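A.B. asks:
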Amino acid sequence: MSSRKRILVTGADGFIGSHLTEYLVQMGHDVRAFVLYNSFNSWGWLDRTAPEVRSALEIFSGDIRDPNGVRNAVKGCDIVLHLAALIAIPYSYHSPDTYVDTNIKGTLNVVQAARDLGARVVHTSTSEVYGTALTVPISENHPLQGQSPYSASKIGADQIALSFHLSFGTPVTILRPFNTYGPRQSARAVIPSIIAQIAKGKRVIKLGSLHPTRDFNYVTDTVRAFETVMNSDAAVGHVLNAGSGFEISIGDTVKVIAETMGADIRVETEEARLRPEKSEVERLLADASRLRALTDWSPEYGGLDGFRRGIAKTVQWFTEPANLAGYKPDIYNV
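No gaps in the numbering here: position 289 of the sequence shown is 289 in full-length UniProt numbering, and each next residue is one more.
#1: Who are the near neighbours of T180 in its chain, counting only those whose CB is closer than 7 Å to its CB and skipping five residues on each side?
#2: I'd like the list of long-range same chain contacts for residue 345, defined as Cβ closer than 7 Å, with 5 residues on each side in sequence excluded.
#3: Assuming contact is defined by CB atoms lying nearer than 9 Å, are A235 and T319 in contact in what I supplied?
#4: Buried or exposed, going by whether 16 or more other CB atoms sit within 10 Å of the CB of E58?
#5: Helix, strand or coil: how does DSSP classify L274 here?
#6: Quick one: what's got a C-beta closer than 6 Å to G310's C-beta in the same chain, skipping five residues either side?
#7: Just grab the DSSP bridge partners of S148 for me.
#8: In its own chain, which residues sit with a C-beta less than 8 Å from the C-beta of V74, not counting the 5 before and 5 after it?
#9: CB-CB under 8 Å to Q147, same chain, minus the five flanking residues each way: which ones, in chain order?
#10: Using DSSP bridges, identify the partner residues of V121.
#11: Among L162, P149, Y23, whose alpha-carbon lies nearest the alpha-carbon of H238?
#12: For N217, which beta-bridge partners are listed by DSSP?
#13: Which runs of the beta strand (DSSP E) spanning at least 3 residues fall entirely within the segment 179 to 256, listed in chain order?
#14: From this set, I194, D287, F226, R290, which residue's C-alpha is nearest Y327's C-alpha?
#15: According to DSSP, is E259 helix, strand or coil?
#16: Considering only residues of the same chain and omitting the five flanking positions on each side of I155, which have a CB-CB separation below 7 Å?
#17: So, is T135 buried or exposed, given that buried needs 16 or more other C-beta atoms within 10 angstroms?
#18: Where does P276 land, buried or exposed, given buried means 16+ other C-beta within 10 angstroms?
#19: Which residues does DSSP list as the beta-bridge partners of E268?
#20: Is the segment 194 to 203 close to the segment 254 to 261, with three or more CB pairs under 8 Å?
#21: Using CA coordinates, which residue listed in L285, D30, I191 is at the minimum distance from R250?
#22: So what's S95 in DSSP terms, helix, strand or just coil?
#23: Which same chain residues, not among the five before or five after A187, have their C-beta less than 8 Å away from its C-beta?
#24: Do G44 and L35 have their beta-carbon atoms positioned less than 9 Å apart in this structure?
#25: Measuring CA to CA, which of T107, L274, S18 is closest to A33?
#26: Using 10 angstroms around the beta-carbon of G11, count the other beta-carbons present and answer buried if the total reaches 16, otherwise exposed.
#27: Classify G28 as buried or exposed, calling it buried when 16 or more other Cβ atoms lie within 10 Å of its own Cβ.
#28: Would T124 and H82 be called neighbours here (beta carbons separated by less than 9 Å)?
#29: Can you tell me where the alpha helix (DSSP H) holding I59 begins and where it ends?
Shown next, in the form of structure tokens:
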């Protein structure tokens, strides 16, 4: 293992953030977990992590939109892994202002604090910033296309982060994961939505468009990408795609999940789940060669075989009654 580090994880209470936080603790790092303040004193998914992991964490409850709180959270940390963001695309259609505040201003708060306090930043981007692929596979040089308020806010956040590296020498890396899936993912995402509907006994599954393709990545591959990037001096100043290089349509994803779960289903398109035509991202397929060249990262769940293995693990988690109870497949989760 690399030397022990003091790491701040923003968005530690979320899907990817909780997996990343657990992994870093298990690797022996000192981790401060930034979770969204709430009156329930909930730490999100970290409430359900193993006691030995939870007891090793320093929890910081705050709001990424508040510069003073962010500065206090960054104090004493060597590295900031910045995952806190609003990510639901449909919600960005009717509440775009919150995406600017959280994603752009929140990122500004992080890199400003890191600049002043001497921390290194790994900022989390998204493959959505590319929009519908103009060329495939998609390299980091692909044009950026804000096809939703969410993706536009992430483009802005990425550029703010990069500007601090170019303007002030702040050590920043942009990690751009393609579609991450796995245990704990929100039901607003397509894979949990399909699994949860089938697990609840439904055999007519309601979805949006089936023809778009995605490059899905099992969550542990994304977590390892964060680890390799934060340990690579060569990665500083770069934008790095993390993707499997395997492309599959939503329709074929449904078939893999149904086969894994032994379910005979049919799909109905629900109007509310369709993106506006020009906002839909039709195709995503990653070129992760730059990340591979600069680090020792490679996906363990690549290709169709890897996808099937990742889906099997995801299904196993979702079909445990205690986990499934937290999902509401009867309604559309925006």
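Glycine included, C-beta positions come from ideal geometry on N, C-alpha and C.
For clarity, every value in this text was computed on a predicted model and none was experimentally measured.
C.D. replies: On the basis of the data shown:
#1: A distance below 7 Å between beta-carbons, with the five flanking residues on each side excluded, links T180 to the following residues of its chain, in chain order: I16, N217, V219, T222.
#2: Here the chain comprises residues numbered 1 to 334, so residue 345 is not present and cannot be evaluated.
#3: The answer is no: Cβ separation not under 9 Å.
#4: So E58 counts as exposed.
#5: Correct three-state label for L274: coil.
#6: Counting only Cβ-Cβ distances below 6 Å, and skipping sequence neighbours, we find Y218, Y301.
#7: Beta-bridge partners of S148 (DSSP): none assigned.
#8: Taking C-beta separations shorter than 8 Å and ignoring five residues to either side along the sequence, the partners of V74 in its chain run L8, V80, V110, A113, A114, L117, A119, following chain order.
#9: Counting only Cβ-Cβ distances below 8 Å, and skipping sequence neighbours, we find E128, G131, T132, K278, S279, E280, V281.
#10: When DSSP reads this structure, V121 sits in a beta bridge with V80, V172.
#11: The shortest Cα separation from H238 among L162, P149, Y23 belongs to L162.
#12: The partner list for N217 (beta bridge, DSSP) reads T180.
#13: Segments of the beta strand (DSSP E) lying fully in the segment 179 to 256: 204 to 207, 239 to 242.
#14: Comparing Cα-Cα distances from Y327 to each of I194, D287, F226, R290, the minimum goes to I194.
#15: In the structure shown, the three-state DSSP call for E259 is helix.
#16: Answer for I155: V129, L144, G146, listed in chain order.
#17: Under this definition T135 is an exposed residue.
#18: So P276 counts as exposed.
#19: For E268, which the question treats as bridged, DSSP gives the partners K206.
#20: Between the segment 194 to 203 and the segment 254 to 261 there are three or more C-beta pairs closer than 8 Å, enough to call the two in contact.
#21: Sequence inspection shows Ile at residue 250; the Arg mentioned does not correspond to that position. The shortest Cα separation from I250 among L285, D30, I191 belongs to I191.
#22: Looking at S95 - three-state DSSP - the assignment turns out to be coil, as it is neither helix nor strand.
#23: Around A187: S193, A196, Y327, K328, P329, N333.
#24: For the record, residue 35 in the displayed sequence is Val; it is not Leu. Yes. Within cutoff.
#25: With respect to the C-alpha of A33, the residue from T107, L274, S18 having the closest C-alpha is S18.
#26: With 16 or more other Cβ atoms within 10 Å, it is buried.
#27: By the neighbour-count rule (16 or more Cβ atoms within 10 Å), G28 is not buried but exposed.
#28: The Cβ atoms of T124 and H82 lie closer than 9 Å to each other.
#29: For I59, there is no enclosing alpha helix (DSSP H); the residue is part of the beta strand (DSSP E) that begins and ends at 58 to 62.
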